[in-house]
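One structure is given below, encoded as structure tokens.
2 protein chains.
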Amino acid sequence: MTRLPDLKGPELRARETTLDRELSLYSANRLALDLSRGKPAPAQLDLSHGLEQQLNDNYKSASGIDTRNYGNLRGIDEARDLGGQLLGIPAANVIAGGNSSLFLMHLVTSTAMSQGVWGDDRRWSTTAKVKVLTPVPGYDRHFTLCDALGIGMINVQMNEHGPDMDEVEALVAADPSIKGIWCVPKYSNPTGCVYSNETVERCAKLPAHAAADDFLVFWDNEYGVHDFVYPAETLADILSLSKTAGTQDHIALFASTSKITFSGGGVSFVGGSENFLNAIEKALSVMMVGPDKVNQLRHSRFLAGRLDQHMLRHAEILKPKFDIVDQILQTELAPLGIATWTRPKGGYFVSLDVLPGTAAETVRLAKTTGLTLTPAGATFPGGKDPMDSNIRIAPTFATTEEITTAMEVLVLCVKLTSVRKLLKDQTA
Amino acid sequence: MTRLPDLKGPELRARETTLDRELSLYSANRLALDLSRGKPAPAQLDLSHGLEQQLNDNYKSASGIDTRNYGNLRGIDEARDLGGQLLGIPAANVIAGGNSSLFLMHLVTSTAMSQGVWGDDRRWSTTAKVKVLTPVPGYDRHFTLCDALGIGMINVQMNEHGPDMDEVEALVAADPSIKGIWCVPKYSNPTGCVYSNETVERCAKLPAHAAADDFLVFWDNEYGVHDFVYPAETLADILSLSKTAGTQDHIALFASTSKITFSGGGVSFVGGSENFLNAIEKALSVMMVGPDKVNQLRHSRFLAGRLDQHMLRHAEILKPKFDIVDQILQTELAPLGIATWTRPKGGYFVSLDVLPGTAAETVRLAKTTGLTLTPAGATFPGGKDPMDSNIRIAPTFATTEEITTAMEVLVLCVKLTSVRKLLKDQTA
């Protein structure tokens, strides 16, 4: 096949006609396909029905806490163990919370803003215009959270091994109003990249180089054990590295079981130094008496000693889905020179880059054909992709049959939109 | 028996010697008694073990929602029904949340402060020094929450039928920086009073009389179905009354199952008008994808059609405990003219008022004898009881044997401290 950008006008017009006809065959079928949300499939949720068989009228934690009653803001020990396992840090450095790690991220951010998380006078609210770095493409809920708290965002480029750390370090050293950076270090949302050892080490040292003395690295390790290609990717231990660098009070780690057990009914975790956890516990104490320890106990007992095996069963469900995505992209788009995409070894997303200026139109066209995709631009702060080229593919929830059809529609939409863009560029 | 205030010095000194000896007999026993926390007893928690038998691999809500997955910020319909039942309002006026109603109170307060809850420009943060009214004695966590958000508190007197509404109305009409009032309208913490119909109606109209146009009535109805004397007390429907008064966007209702099922693993609720719920849902959307719907489903199924029966079993456990408290206070203190106390028909507390200037010393003395009480002053903002006379008794968690001994110690401490105070006053 010829690369589309090499085709002349008449050839492109012929392609447009053919592609339009092909796509209309799908439109006629009134499809209702969805590759927009990073949700586990029902078959994955079924893997955790054993949760309900864990208590058997025994609600005592290993240390003798009655999980049914009030209290214990840091969570029960065995849940903190589980969080430590997910984050690759000691249980003592973990607070186990409720069902939402996003809540914990909001808590850390709003606490850094208002009371500070260092037990002293440092707090972001004393700075007129607080900003954080947002590696892009990234996770829209991080951006929404910052927006809601009035925090500005500065985009930095995501590369194969994490954010462009030269750019990150230069920005952070120059501007004391830059107070943090959002990182999804393993199977990043949406590119699926894993931060290299060098990147992790440079992230750990970042607070020491920052012009701000109240800098925070947000380490949202939601996909830390969510491998589906083995041997699994490894991630360096940022908390240990930060201790060496003396920056341990400036690292905030997050994880949850949302994509391990039940997305809506799991357990979340925040990790960091003892100083940091003290500040977070204090902030929590104002707004709750304790987390849902009963659910923590269910989870700890269910996953104890079998987390790896459990994640392997997730992988068995997920791997074929990601294979379909890659195979159809490879077959249909690779020869045409109009798109690139990531091939993650874990996580929940594939990041597809189409010709600049065609992502929004591709998503719109897919929608008219019955395929819902994540809105173009959603992977950038303010929903604005400056190149209009990034599309996030979330293939986990749909069945393999649905994914196959959805990807057939998607590649047709990419081709047709690309052809029209190339035609427009030629006549411009 | 003679009233202690009528005794002369030598008689008081004789009493002091006798009481001191009696108390020392208890001290010798190295007691470890606790009447400080409003926690359900293990036997009450046992009543809800059926929660774990509700799912049976069927995680679909009545409307077909897979509770295991993400989403549904307002909670599932059957959980909202349950919240409506607890609050006495339609399910449509309820959001069902996670395990903590205190979190929802914090959310409403911080949202009123920062973004407002009326979908317009009104927000408390535009006022230099925001204040709220705190009927006293009251609930310490309400005070701590306000403190943490920089909200000042103005005490108003709690009477038998709720706050002194003449005082409340006068304050609210005069000062636009007064933005709200905290109410525990049924079995108030700690007095156990139930707001009369007139008080509820005046509370409903309060936002219309307030100088502030962004006034909120915090209606923390935590004990709405927690009767232990029958026929149960009834509480007027503030939401209906507020609709009549046109103040419905200024009423925030709260409830939870924390003292119905598991204190640490229940479901919480916030209620109000559709405008109000929209604002709260928007605030929630920034910090979570949805509540723990699995736990909501457990609760809804477990309590559906049997809430009254379930609460009756709580009452069977609680009534004898409150009877012991009242009986010992009645026998030992009533004739002496040194204390008054409340006789609640539900809820979790008895409020004891001792001679002015003796509460802190009574609590201290009890502690040295091995009885932990809620710190004196805790029922007032800043921990400061201006009269130093209020002591909160929380008899739910302890066994009847422990309560009996604890109350014997408590009345001895009250007597001894009173005698010493009277002696001091006579020599002064």
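Residue numbers (the numbering used here), protein chains in the order written: chain V, 1 to 428; chain Y, 429 to 856. Glycine is no exception: its CB is placed at the ideal position from the N, C-alpha and C atoms.
Tell me the residue span of the beta strand (DSSP E) that contains residue 392 of chain V.
As a first step, residue 392 of chain V must be located in the first sequence, where it is residue number 392. Residue 392 of chain V -> beta strand (DSSP E) spans 390-393.
Quick check: the segment 469-478 of chain Y against the segment 53-72 of chain V, are there 3 or more CB pairs under 8 Å?
yes
Within its chain, find whatever has a CB closer than 7 Å to the CB of residue 729 of chain Y; leave out the 5 residues flanking it on each side and keep chain order.
Here residue 729 of chain Y is taken as the residue at index 301 of the second sequence, counted from 1. Excluding sequence neighbours, residue 729 of chain Y sits near 482.
Is residue 193 of chain V helix, strand or coil by DSSP?
The residue you call residue 193 of chain V lines up with position 193 of the first sequence. Three-state DSSP puts residue 193 of chain V in coil, outside helix and strand.
Looking at the structure shown, is residue 387 of chain V part of a helix, part of a strand, or coil, going by DSSP?
Here residue 387 of chain V refers to the residue found at position 387 when the first sequence is read from its first residue. The answer is coil: DSSP assigns residue 387 of chain V none of H, G, I, E or B.
Going along chain A in order, which residues have a C-beta closer than 7 Å to the C-beta of residue 480 of chain Y?
Absent from the structure: chain A. Protein chains present are V and Y.
Could you tell me if residue 594 of chain Y is buried or exposed, where buried requires 16 or more neighbouring beta carbons within 10 angstroms of its beta carbon?
Here residue 594 of chain Y is taken as the residue at index 166 of the second sequence, counted from 1. Per the 10 Å Cβ criterion, exposed.
What number of angstroms, rounded off, separates the C-alpha of residue 244 of chain V from the C-alpha of residue 180 of chain V?
In the first sequence, the residue the question calls residue 244 of chain V occupies position 244. In the first sequence, the residue the question calls residue 180 of chain V occupies position 180. Each residue's Cα considered, the two are about 20 Å apart.
Using a Cβ-Cβ distance cut-off of 8 Å, determine whether residue 130 of chain V contacts chain Y.
Locating residue 130 of chain V in the first sequence gives position 130, counting from the first residue. Output row for residue 130 of chain V: interface = no.
Do you know whose CA, among V:389, V:425, V:366 and V:415, lies nearest residue 36 of chain V's CA?
For the purposes of this step, residue 36 of chain V is taken as residue 36 along the first sequence, with counting starting at 1. Among V:389, V:425, V:366 and V:415, the Cα nearest to that of residue 36 of chain V is on V:366.
Thinking just about the alpha-carbon of each residue, which of V:254, V:419 and V:426 is nearest to the one in residue 15 of chain V?
For the purposes of this step, residue 15 of chain V is identified with residue 15 of the first sequence, where counting begins at 1. Of the candidates V:254, V:419 and V:426, the residue whose Cα lies closest to the Cα of residue 15 of chain V is V:419.
Compute the distance between the beta-carbons of residue 824 of chain Y and residue 565 of chain Y, then report whether it is under 8 Å.
Here residue 824 of chain Y refers to the residue found at position 396 of the second sequence. Here residue 565 of chain Y refers to the residue found at position 137 of the second sequence. Contact flag unset, no.
Would a check of beta-carbon distances place residue 74 of chain V closer than 8 Å to chain Y?
What you label residue 74 of chain V is simply residue 74 of the first sequence in a count that begins at 1. So, not an interface residue.
Mapping the DSSP letters down to three states, classify residue 245 of chain V as helix, strand or coil.
Indexing the first sequence from 1 puts residue 245 of chain V at position 245. Looking at residue 245 of chain V - three-state DSSP - the assignment turns out to be helix.
Any idea which residues DSSP pairs residue 610 of chain Y with across the strands?
Mapped onto the second sequence, residue 610 of chain Y falls at position 182. Residue pairing by DSSP places residue 610 of chain Y opposite Y:646 in a beta bridge.
To the nearest angstrom, report how far apart residue 412 of chain V and residue 10 of chain V are at their CA atoms.
As a working mapping, residue 412 of chain V is identified with position 412 in the first sequence. As a working mapping, residue 10 of chain V is identified with position 10 in the first sequence. Those two C-alpha atoms are separated by around 19 Å.
Is residue 462 of chain Y helix, strand or coil when you go by DSSP?
For the purposes of this step, residue 462 of chain Y is taken as the residue at position 34 of the second sequence. Looking at residue 462 of chain Y - three-state DSSP - the assignment turns out to be strand.
For chain Y, is any of its Cβ atoms less than 8 Å away from the one on residue 310 of chain V?
Within the first sequence, the letter at position 310 stands for residue 310 of chain V. Closer than 8 Å: no.
Using a Cβ-Cβ cut-off of 8 Å (strictly less than) and excluding sequence neighbours within five positions of residue 451 of chain Y, which residues of its own chain qualify?
Here the question's residue 451 of chain Y lines up with position 23 in the second sequence. So the qualifying residues of the chain are 793, 797, 837, 840, 841 and 844.
With 16 as the cutoff for other CB atoms within 10 Å, does residue 99 of chain V come out buried or exposed?
As a first step, residue 99 of chain V is located in the first sequence; it is residue number 99 there, counting from the start. Answer is buried; the Cβ neighbour count reaches 16.
Determine, using beta-carbon pairs with one atom in the segment 245-256 of chain V and one in the segment 283-296 of chain V, whether at least three such pairs fall under 8 Å.
no
Please confirm whether residue 496 of chain Y has its beta-carbon closer than 8 Å to some beta-carbon of chain V.
Counting from 1 along the second sequence, the entry for residue 496 of chain Y is found at position 68. Yes, because at least one Cβ of chain V sits closer than 8 Å to the Cβ of residue 496 of chain Y.
In whole angstroms, what is the alpha-carbon distance linking residue 373 of chain V and residue 360 of chain V?
In the first sequence, counting from the first residue as 1, residue 373 of chain V sits at position 373. In the first sequence, counting from the first residue as 1, residue 360 of chain V sits at position 360. The straight-line gap from Cα to Cα measures roughly 10 Å.
With 8 Å set as the bound, which would you pick, yes or no: does the beta-carbon of residue 144 of chain V sit closer than that to a beta-carbon of chain Y?
Here the question's residue 144 of chain V lines up with position 144 in the first sequence. Cβ-Cβ to chain Y under 8 Å: yes for residue 144 of chain V.
Using a 10 Å radius around the Cβ and a threshold of 16 neighbouring Cβ atoms, would you call residue 586 of chain Y buried or exposed?
Here residue 586 of chain Y refers to the residue found at position 158 when the second sequence is read from its first residue. Counting Cβ neighbours within 10 Å, residue 586 of chain Y comes out buried, since at least 16 surround it.
Where are the alpha helix (DSSP H) runs, 4 residues long or more, that stay fully inside the segment 721-754 of chain Y, in chain order?
721-731
Going by other Cβ atoms of all chains shown within 10 Å of its Cβ, with 16 needed for buried, is residue 632 of chain Y buried or exposed?
The count along the second sequence starts at 1 and reaches residue 632 of chain Y at position 204. Burial call: buried.
Between residue 269 of chain V and residue 255 of chain V, what straight-line distance do the alpha-carbon atoms span, to the nearest angstrom?
The residue labelled residue 269 of chain V in the question sits at position 269 within the first sequence. The residue labelled residue 255 of chain V in the question sits at position 255 within the first sequence. Cα to Cα, the separation comes out at about 5 Å.
Where does residue 158 of chain V sit, in a helix, a strand or coil, going by DSSP?
Counted from its first residue, the first sequence places residue 158 of chain V at position 158. Correct three-state label for residue 158 of chain V: strand.
Tell me which residues share the same chain as residue 569 of chain Y and place their Cβ nearer than 7 Å to its Cβ, disregarding the 5 neighbours each side in the sequence.
To locate residue 569 of chain Y, count along the second sequence from 1; it is residue 141. Only 530 meet the Cβ criterion.
Which chain V residues sit within Cβ distance under 9 Å of residue 720 of chain Y?
The sequence position of residue 720 of chain Y within the second sequence is 292, counting from 1. Within chain V, the residues near residue 720 of chain Y are 98, 99, 100, 262, 264, 265, 266, 292 and 295.
Could you please give the first and the last residue of the uninterrupted beta strand (DSSP E) stretch that includes residue 378 of chain V?
Your numbering for residue 378 of chain V matches position 378 in the first sequence. Premise fails: residue 378 of chain V is in no beta strand (DSSP E) and is neither H nor E.
On the DSSP letters alone, give me the boundaries of the alpha helix (DSSP H) that residue 843 of chain Y sits inside.
By one-based count along the second sequence, residue 843 of chain Y stands at place 415. Counting along the chain, the alpha helix (DSSP H) containing residue 843 of chain Y begins and ends at 828-855.
Residue 341 of chain V by DSSP, collapsed to three states: which one?
As a first step, residue 341 of chain V is located in the first sequence; it is residue number 341 there, counting from the start. Strand.
For residue 661 of chain Y and residue 42 of chain V, what's the separation of their Cα atoms in angstroms?
Residue mapping note: residue 661 of chain Y aligns to position 233 of the second sequence, counting from 1. Residue mapping note: residue 42 of chain V aligns to position 42 of the first sequence, counting from 1. Computed Cα separation, rounded: 46 Å.
At what residue ranges does the segment 43-131 of chain V contain a whole run of the alpha helix (DSSP H), taking only runs of 4 or more?
77-87 and 101-114
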